[in-house]
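Asks: Protein sequences, first through last, are from chains A and B. Counting in the working numbering, the first sequence runs from 145 upward without gaps. Counting in the working numbering, the second sequence runs from 520 upward without gaps.
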Amino acid sequence: MPDAWDTSVASRIAVGERHAPLLATHLRDGVPLALPAPTVQEIVRGLAAPAVNREPTRRKLRWFGRLFRDPLTIVVPFDRRAAVIAGHVLARHPHPPTRNHRCSGTRAQQRAAWALDVQIAACAFAGGYGVLTENVDDFRILRQAIAELLPDAPPLAVSDAQL
Amino acid sequence: MAPPRRSTRKPRTAPRAPRRVGARTTLRVPDDLAETVARYAEQHGTSTNDALIRLAYVGANRYDYEYTVEELAAERGAAIDRLDEVDIPPDEGDLTAEETTRAILGFRLGLYDEEIYGA
Numbered sequence: 145m146p147d148a149w150d151t152s153v154a155s156r157i158a159v160g161e162r163h164a165p166l167l168a169t170h171l172r173d174g175v176p177l178a179l180p181a182p183t184v185q186e187i188v189r190g191l192a193a194p195a196v197n198r199e200p201t202r203r204k205l206r207w208f209g210r211l212f213r214d215p216l217t218i219v220v221p222f223d224r225r226a227a228v229i230a231g232h233v234l235a236r237h238p239h240p241p242t243r244n245h246r247c248s249g250t251r252a253q254q255r256a257a258w259a260l261d262v263q264i265a266a267c268a269f270a271g272g273y274g275v276l277t278e279n280v281d282d283f284r285i286l287r288q289a290i291a292e293l294l295p296d297a298p299p300l301a302v303s304d305a306q307l
Numbered sequence: 520m521a522p523p524r525r526s527t528r529k530p531r532t533a534p535r536a537p538r539r540v541g542a543r544t545t546l547r548v549p550d551d552l553a554e555t556v557a558r559y560a561e562q563h564g565t566s567t568n569d570a571l572i573r574l575a576y577v578g579a580n581r582y583d584y585e586y587t588v589e590e591l592a593a594e595r596g597a598a599i600d601r602l603d604e605v606d607i608p609p610d611e612g613d614l615t616a617e618e619t620t621r622a623i624l625g626f627r628l629g630l631y632d633e634e635i636y637g638a
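(1) So which residues of chain A does Glu594 of chain B contact, with C-beta pairs closer than 7 Å?
(2) Ala158 of chain A by DSSP, collapsed to three states: which one?
(3) For Thr217 of chain A, list the residues DSSP reports as bridge partners.
(4) DSSP has Trp149 of chain A in a bridge; who is on the other side?
(5) Out of curiosity, what's the CA-to-CA distance linking Leu216 of chain A and Glu611 of chain B?
(6) Check for me: the alpha helix (DSSP H) holding Asp551 of chain B runs from which residue to which?
(7) So, is Ala597 of chain B buried or exposed, given that buried needs 16 or more other C-beta atoms within 10 angstroms?
(8) So, does the CB of Arg621 of chain B fall closer than 8 Å to a CB anywhere in chain A?
(9) Provide the residue(s) that pair with Val302 of chain A in DSSP beta bridges, ordered along the chain.
(10) Quick check on DSSP: helix, strand or coil for Thr620 of chain B?
(11) Is Met145 of chain A closer than 8 Å to Arg574 of chain B when the C-beta atoms are compared?
(12) Name the chain B residues whose beta carbon is nearer than 8 Å to that of Gly271 of chain A?
(13) My output table needs one value for Leu286 of chain A: the three-state DSSP class, helix, strand or coil.
(14) In chain A, which residues lie less than 7 Å from Ala598 of chain B when you measure between Cβ atoms?
(15) Between the beta-carbon of Ile285 of chain A and the beta-carbon of Val275 of chain A, is there less than 8 Å?
(16) Which of the three DSSP states, helix, strand or coil, is assigned to Phe626 of chain B?
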């Protein structure tokens, strides 16, 4: 099953970064790379923020812009079905499951990040993908949450990008 | 006058395709595709037959990828569409306008205890 890359992976694929070999392999073999729409949002939001508006940041934003437009890149949409499943999951799991263990960010930021993770999982699930992530614990919880809602559907595969 | 020197180089031969197992076939390659195949073969130092097979693998892999994703999305999508097909007793009544607003916008309006709602 092809994987969509969550933000923890997709944000580290430029040359010299941790997951650069992954991107290089896809480009070499002509295999599409799938990015959930909320991941694209997170990348652009992070690099377009006025607080980090320096030339290297703009260059990196342009690099990602080209990647998003590359014929091999598939932006997995947050469409009707993804929105429905995300709503159901958020209604049942409004809190980040690991909030007591997270030491970075305010509670509001952690809740926003959790909502994005839910949307990413929903995009991947509805789009027919698994998820490749460094944040395996949270996405396994999301896989379980979706499986409880839809026990008859093929479950969301969660792959650890750190392996 | 000295006779022209003969080249000691071996005559150039077209690269040979690697041996593959499978059924042999004959097919007509459209001109525009043949140009691409020839360019690929030259770029990668291989035969046009091998180039054609390699490019076919690229297309087949892409097709397999899309087929897998579409099949899975269709199966999961059908399950998502069944989510709201639940039996509701007819005497349950409807939400009032105020209840509906509270349910949907309560998060934005700060109407919920954040420990309960997660707001």
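Virtual Cβ for every residue (Gly too), placed ideally from N, Cα, C. A quick note: this is a predicted structure, and the numbers were derived from the prediction, not measured.
Replies: Concretely, from the data shown:
(1) As a first step, residue 594 of chain B must be located in the second sequence, where it is residue number 75. Against chain A, a Cβ distance below 7 Å from Glu594 of chain B picks out Ala297, Pro298.
(2) Locating residue 158 of chain A in the first sequence gives position 14, counting from the first residue. Three-state DSSP puts Ala158 of chain A in coil, outside helix and strand.
(3) For this step, residue 217 of chain A is matched to residue 73 along the first sequence. Note: Thr217 of chain A is bridge-paired with A:Leu177 in the DSSP secondary-structure output.
(4) Within the first sequence, numbered from 1, the residue matching residue 149 of chain A stands at position 5. According to DSSP, Trp149 of chain A bridges with A:Leu276.
(5) Sequence index remark: in the first sequence, residue 216 of chain A carries index 72 (1-based). Sequence index remark: in the second sequence, residue 611 of chain B carries index 92 (1-based). In a straight line, the C-alpha of Leu216 of chain A is about 51 Å away from that of Glu611 of chain B.
(6) Position 32 of the second sequence, counting from 1, holds the residue named residue 551 of chain B. Note, Asp551 of chain B: alpha helix (DSSP H), 550-563.
(7) Along the second sequence, read from residue 1 onward, the residue named residue 597 of chain B stands at position 78. Per the 10 Å Cβ criterion, exposed.
(8) As a working note, residue 621 of chain B is residue 102 in the second sequence. For Arg621 of chain B, the answer is no, since every Cβ of chain A falls outside 8 Å of its Cβ.
(9) Numbered from its first residue, the first sequence carries residue 302 of chain A at position 158. According to DSSP, which records beta bridges pairwise, Val302 of chain A is partnered with A:Val275.
(10) Here residue 620 of chain B refers to the residue found at position 101 of the second sequence. Residue state, collapsed to three classes: helix.
(11) Here residue 574 of chain B refers to the residue found at position 55 of the second sequence. Here residue 145 of chain A refers to the residue found at position 1 of the first sequence. Inspection of the sequence shows that residue 574 of chain B is occupied by Leu rather than by Arg. For Leu574 of chain B and Met145 of chain A, no; Cβs fall outside 8 Å.
(12) The residue labelled residue 271 of chain A in the question sits at position 127 within the first sequence. Neighbourhood of Gly271 of chain A in chain B, by CB distance below 8 Å: Val588, Ala592, in chain order.
(13) The sequence position of residue 286 of chain A within the first sequence is 142, counting from 1. Looking at Leu286 of chain A - three-state DSSP - the assignment turns out to be helix.
(14) For the purposes of this step, residue 598 of chain B is taken as residue 79 along the second sequence, with counting starting at 1. In chain order: Leu294, Asp296, Ala297.
(15) What you label residue 285 of chain A is simply residue 141 of the first sequence in a count that begins at 1. What you label residue 275 of chain A is simply residue 131 of the first sequence in a count that begins at 1. Not closer than 8 Å, so no.
(16) Here residue 626 of chain B refers to the residue found at position 107 of the second sequence. If DSSP states are grouped into helix, strand and coil, Phe626 of chain B belongs with the helices.
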